[in-house]
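Numbering (the working numbering), first residue to last: 4 to 407.
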């Protein structure tokens, strides 16, 4: 709801109705609040309230894969993501040896669930995602991530069950925007999703992604795990500004000839009728860092595993082209993708190829490269995915998003 008086009246109204403001969210011009269900209709009559949105539940959604997307070739050419920050908005991250040895690359951690100061992950999903993006293979070289020297910004918005509230995710993304210059954050990975019930211009998460991209961040989002039915792209993957990623099964080979779209991978079109996903990447049996111990690994499957492969590719693009825009990052990834399916609603442009996207044809020394304007694909895996889809709790106090 848009307001000309900085939402002072709305705050007072919420409090007078027995509610309390949880977050102020300038990135989408909103506040998140808790209010008794009996007072929702009364609040909706306020002239500052454009509309009210439920605070939906949101859920969490390398060896062969990195060879398949050719990130190993790019890494050997000197592009490793060094100095580039990637924010992992998820369940948290632990001090895995692949992140902290020989140098601690977890440069920041923010907890919107329990308010703890030090990195932790009580579910494991975020640690696995971070490992796909930026694990350096310190314990086992085969499981090195796509951008093994990138800086990790852990943002915990999902709880020990892998679920969380839209308002916490919005607050997490707002924090990433506010601190992006401090940590040189260029890429945001959101391997999470909620049922898309509204058009993207009315959906809080999709609007937030658009705002983040306008602030210069590349936002990579999982397509969701409700395939193979059509119209199963989740929010915020419905955002035209996001790079929405579906999952392939690479059949444990490094060639694309035998690859196919994973059955669980979310399909388009979106609720608005747009083509999504934008691209696909390996997402079946992807081996990456486990939260169980600083030296262990685990395999998971899902579009949550495909998205960080693409996020890692975006990090590498920012290293080679420091002045590249989010739109150019997306364009390069899309234009260099190779189709493996007949339907764009299943695969978008196809499976990404990192070497072609970055333009590395031979080994290079990035220290000798001059920043240049871009002109115009990776792969990995995990165990079948469990997404606890679409729970929606009703409490004595409904948690809502109010637009101001």
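Beta carbons: idealized from backbone N, C-alpha and C, even for Gly. Remember, it's a predicted structure, so these values are computed and weren't measured experimentally.
*Classify residue 19 as buried or exposed, calling it buried when 16 or more other Cβ atoms lie within 10 Å of its own Cβ.*
Exposed, because fewer than 16 other Cβ atoms sit within 10 Å of the Cβ of residue 19.
*Helix or strand or just coil, what does DSSP make of residue 99?*
Of the three classes helix, strand and coil, the one that applies to residue 99 here is coil, per DSSP.
*Residue of 340, 151, 205, 289 minimising C-alpha distance to residue 77*: Measuring C-alpha to C-alpha distances from residue 77 to each of 340, 151, 205, 289 identifies 151 as the nearest.
*Confirm, please, whether the CB-CB distance from residue 130 to residue 293 is below 9 Å.*
Their beta carbons are under 9 Å apart, which means residue 293 touches residue 130 by this criterion.
*Per DSSP, what kind of secondary structure is residue 279 in: helix, strand or coil?*
Coil at residue 279, not helix or strand.
*asked:* Taking contact to mean 3 or more Cβ pairs, one atom from each stretch, closer than 8 Å, check whether the segment 199-208 and the segment 309-321 are in contact.
replied: Look at the beta carbons and you see the segment 199-208 not touching the segment 309-321: under three pairs across the two are nearer than 8 Å.
*Is residue 184 helix, strand or coil by DSSP?*
Assignment of residue 184 by DSSP, reduced to helix, strand and coil, places it in the helix class.
*Can you give the beta carbon distance from residue 272 to residue 234, rounded, assuming they're within the 8 Å contact cut?*
Correct: roughly 6 Å between the Cβ atoms.
*Under the rule that 16 or more other beta-carbon atoms within 10 Å means buried, what is residue 168, buried or exposed?*
When all chains shown are included, residue 168 counts as buried.
*Thinking C-alpha only, which one of 82, 57, 14 is nearest residue 360?*
Closest option to residue 360, Cα to Cα, is 82.
_CA-to-CA distance, residue 159 to residue 96, given in whole angstroms_ = Between residue 96 and residue 159, the C-alpha separation is close to 8 Å.
_Using CA atoms only, rank isn't needed, just tell me which of 268, 141, 13 is closest to residue 34._
Ranked by Cα distance from residue 34, the first of 268, 141, 13 is 13.
_Given residue 185 as reference, the closest of 72, 147, 89, 216 once Cα atoms are compared_ = Cα-wise, what sits closest to residue 185 is 89.
*Excluding the 5 residues preceding and the 5 following residue 111 in the sequence, name in chain order all residues of the same chain whose CB lies nearer than 6 Å to its CB.*
Once the five neighbours on either side are set aside, the close Cβ partners of residue 111 are 156, 186.
_In DSSP terms, what residue 169 is bridged to_ = According to DSSP, residue 169 bridges with nothing at all.
_Range covered by the beta strand (DSSP E) that runs through residue 157_ = Residue 157 -> beta strand (DSSP E) spans 154-159.
*What's the C-alpha gap between residue 262 and residue 56?*
Residue 262 and residue 56: Cα-Cα distance of roughly 40 Å.
*Going by Cα to Cα distance, which pick from 91, 363, 27 is closest to residue 133?*
Per the Cα distances, 91.
_Own chain partners of residue 358 with C-beta closer than 6 Å, once the 5 adjacent residues on each side are dropped_ = Within the same chain, Cβ atoms closer than 6 Å to the Cβ of residue 358 are found at 73, 76, 77, the five residues on either side in sequence being excluded.
_Between the CA atoms of residue 15 and residue 196 - distance to the nearest angstrom_ = Spanning the two alpha carbons is a distance of roughly 32 Å.
*Determine, using beta carbons only, whether residue 264 and residue 283 come nearer to each other than 9 Å.*
Yes. Within cutoff.
*Where does residue 245 sit, in a helix, a strand or coil, going by DSSP?*
In the structure shown, residue 245 sits in coil (DSSP, three-state: anything other than H, G, I, E or B).
_Using C-beta distances below 8 Å, list every residue in its chain close to residue 208, excluding the 5 sequence neighbours before and after it, in chain order._
Answer for residue 208: 61, 169, 172, 173, 197, 238, 239, 242, listed in chain order.
*Is the CB-CB distance between residue 280 and residue 248 below 9 Å?*
Yes, they are a contact pair.
*Of all the beta strand (DSSP E) runs that stay within the bounds of the segment 12-52, which reach a length of 3 or more residues?*
Fully enclosed beta strand (DSSP E) runs of 3 or longer: 23-28, 33-39.
*Less than 8 Å between the CB atoms is what I'm expecting for residue 337 and residue 352, so what's the real figure, rounded?*
Between residue 337 and residue 352 the beta-carbon gap is near 4 Å, inside 8 Å, which marks them as a contact.
*Throw me the rounded Cβ distance for the residue 143 and residue 300 pair, which I believe falls under 8 Å.*
Cβ atoms of residue 143 and residue 300 come within 8 Å of each other, at about 7 Å.
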